[in-house]
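Visitor:
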Amino acid sequence: MGKIYHRISAPIALFFLLFPLCAQGASLGKCYKRTTEGIEISYLGGYPSAKRIHSKVQGADPASFRLLADIQGDNCGQAPLYGADAKQVFFRNKPLAGADPKYFIVIGRGYGHDRTGLYYRDKLVANIKPEGIRLIPIPYSTAVYCATTAVVLSRNKPIVAAVDPLTVQALGGRWLRDAEHVYLEHFKKNIQGADPNSFTVLAPRKGRLRDLLYAQDRNRVYMLTAQGVKILQGADPATFERLNKRYCRDRSTVYYKGMPVEGAHAPSFHIPKRTFGHTGFDKFGKIHRGKRVAGK
């Protein structure tokens, strides 16, 4: 008896042709999905409250689309997501104009580059060549700087500080140093007299970035203010310690917001819990907002 052949409709034939391709959706990670109609993406977006966004990747070729690896990992959250097909690079659900998919590399933290351009998320960083690219982690933070041989970037803009991109180090908060000087990110001039070899930022309480106000080197103690850097005159860097965002002390002096507290006994000064950080005590009594409280 001869073989019996059944005619299969075109849509069914297309399904069986693409079924193996669709079944490989896991290879695109947890955020992308390959379908017979294209590439779909699901991620957290929006500000200030994140919401899950579902959409198609505009113009993506499902047959050649691939996920570009990111050092942030595939957590399907607010991390930047790059993909590419044979003709285009995509950031999340949109094409990345001008990017070359053959040479595009994801560095991480929102940065990627091809042979001629550096990109931050979905934008080309103007007039920056991707030479000697490296990410510089910022202590006590998930943020990074991106350095090339010519410039240091914060997100997609060069930082103000005239720092050497070849030797720059992030110290935490807005403090930086290179081989010769110490800087604040938003101030072009270096911190005069600061010793880069011994300069350290005093650790914040529970890693809070906004508490990175104090730093020291072997000679002086520094405080970050809205106007720049204040030197705590007379403070002893060898015994200096931060007690909270407002109070610090060395072996002989208590400081409140960078100002000496008159009459405070430094060795016995302490800050009890649940005082909101403005109130402390020494062996003579209570100090509130840097002033002695009479009769306490």
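As numbered in mature numbering (1 follows the signal peptide of the UniProt record, and there is no 0), residues -25 to -1, 1 to 271 make up the sequence shown, in order. Each residue gets a CB set at the ideal place from its N, CA and C atoms; glycine is no exception. Because the structure is a prediction, the values reported are computed rather than measured.
Counting C-beta neighbours from all protein chains within 10 Å, is the total for Q(-2) 16 or more, i.e. buried, or is it exposed?
Guide: On the sequence shown, residue -2 is found 24 positions in, with the first residue counted as 1. With a pLDDT of only 44 at Q(-2), under the threshold of 50, the placement of this residue in the model should not be trusted; the figure read from the coordinates follows. Exposed, by the Cβ-count rule.
Visitor: State yes or no: is the C-beta of P242 within less than 9 Å of the C-beta of R264?
Guide: Mapped onto the sequence shown, residue 242 falls at position 267. Mapped onto the sequence shown, residue 264 falls at position 289. Not in contact: P242 and R264 (Cβ atoms no closer than 9 Å).
Visitor: Within the continuous beta strand (DSSP E) that includes V32, where are the two ends?
Guide: Reading the sequence shown from its first residue, position 57 is the one you call residue 32. Segment: none, V32 is in no beta strand (DSSP E) and carries neither H nor E.
Visitor: I'd like to check one pair, E216 with R224: are the Cβ atoms closer than 9 Å?
Guide: Numbered from its first residue, the sequence shown carries residue 224 at position 249. Numbered from its first residue, the sequence shown carries residue 216 at position 241. Going by C-beta atoms, R224 is nearer than 9 Å to E216.
Visitor: Please go through the segment 224 to 248 and give each complete beta strand (DSSP E) segment of 3 or more residues, from N-terminal end onward.
Guide: Correct list: 229 to 231.
Visitor: Decide if Q191 is buried, meaning its Cβ has at least 16 other Cβ atoms within 10 Å, or exposed.
Guide: On the sequence shown, residue 191 is found 216 positions in, with the first residue counted as 1. Per the 10 Å Cβ criterion, buried.
Visitor: Kindly indicate which three-state DSSP category D36 falls into: helix, strand or coil?
Guide: Start at 1 with the first residue of the sequence shown, and residue 36 comes out as number 61. Coil.
Visitor: What residue range is occupied by the uninterrupted beta strand (DSSP E) comprising V157?
Guide: Start at 1 with the first residue of the sequence shown, and residue 157 comes out as number 182. Residues V157 to L159.
Visitor: Could you round the C-beta distance between S17 and R27 to whole angstroms and report it? I think they count as a contact, below 8 Å.
Guide: Mapped onto the sequence shown, residue 17 falls at position 42. Mapped onto the sequence shown, residue 27 falls at position 52. Yes, S17 and R27 are in contact; Cβ-Cβ is about 6 Å, under 8 Å.
Visitor: Return the CA-CA distance between P112 and G148, expressed in angstroms with no decimal places.
Guide: Counting from 1 along the sequence shown, the entry for residue 112 is found at position 137. Counting from 1 along the sequence shown, the entry for residue 148 is found at position 173. Approximately 11 Å, taken between the alpha carbons.
Visitor: Using the Cα positions of H156 and K266, report the straight-line distance between them to the nearest angstrom.
Guide: Here residue 156 corresponds to residue number 181 of the sequence shown, with the count starting at 1. Here residue 266 corresponds to residue number 291 of the sequence shown, with the count starting at 1. Cα to Cα, the separation comes out at about 36 Å.
Visitor: Which value, in whole angstroms, describes the spacing of the CA atoms of Y115 and P179?
Guide: Indexing the sequence shown from 1 puts residue 115 at position 140. Indexing the sequence shown from 1 puts residue 179 at position 204. Going from the Cα of Y115 to the Cα of P179 covers about 8 Å.
Visitor: Rounded to whole angstroms, what is the Cα-Cα separation between G270 and G168?
Guide: The residue labelled residue 270 in the question sits at position 295 within the sequence shown. The residue labelled residue 168 in the question sits at position 193 within the sequence shown. Cα-Cα distance, rounded: 43 Å.
Visitor: Under the rule that 16 or more other beta-carbon atoms within 10 Å means buried, what is N102, buried or exposed?
Guide: As a position in the sequence shown, residue 102 is number 127, starting the count at 1. Burial call: exposed.
Visitor: Can you give me the C-alpha to C-alpha distance between M234 and V143, rounded to a whole angstrom?
Guide: Taking the sequence shown and counting its residues from 1, the one referred to as residue 234 is at position 259. Taking the sequence shown and counting its residues from 1, the one referred to as residue 143 is at position 168. Straight-line Cα distance between these residues: approximately 31 Å.
Visitor: Quick check on the burial criterion: 16 or more other C-beta atoms within 10 angstroms. Buried or exposed for A74?
Guide: Here the question's residue 74 lines up with position 99 in the sequence shown. A74 should be labelled buried.
Visitor: Look at L207 and Y222 and say whether their C-beta atoms are less than 9 Å apart.
Guide: Sequence index remark: in the sequence shown, residue 207 carries index 232 (1-based). Sequence index remark: in the sequence shown, residue 222 carries index 247 (1-based). No, the Cβ-Cβ distance between L207 and Y222 is not below 9 Å.
Visitor: How long is the line joining the alpha carbons of D186 and K220, rounded to whole angstroms?
Guide: Counting from one through the sequence shown, the residue named residue 186 turns up at place 211. Counting from one through the sequence shown, the residue named residue 220 turns up at place 245. Each residue's Cα considered, the two are about 6 Å apart.
Visitor: Are Y57 and F65 closer than 9 Å when you measure CB to CB?
Guide: What you label residue 57 is simply residue 82 of the sequence shown in a count that begins at 1. What you label residue 65 is simply residue 90 of the sequence shown in a count that begins at 1. Taking 9 Å as the Cβ cut-off, Y57 and F65 qualify as a contacting pair.
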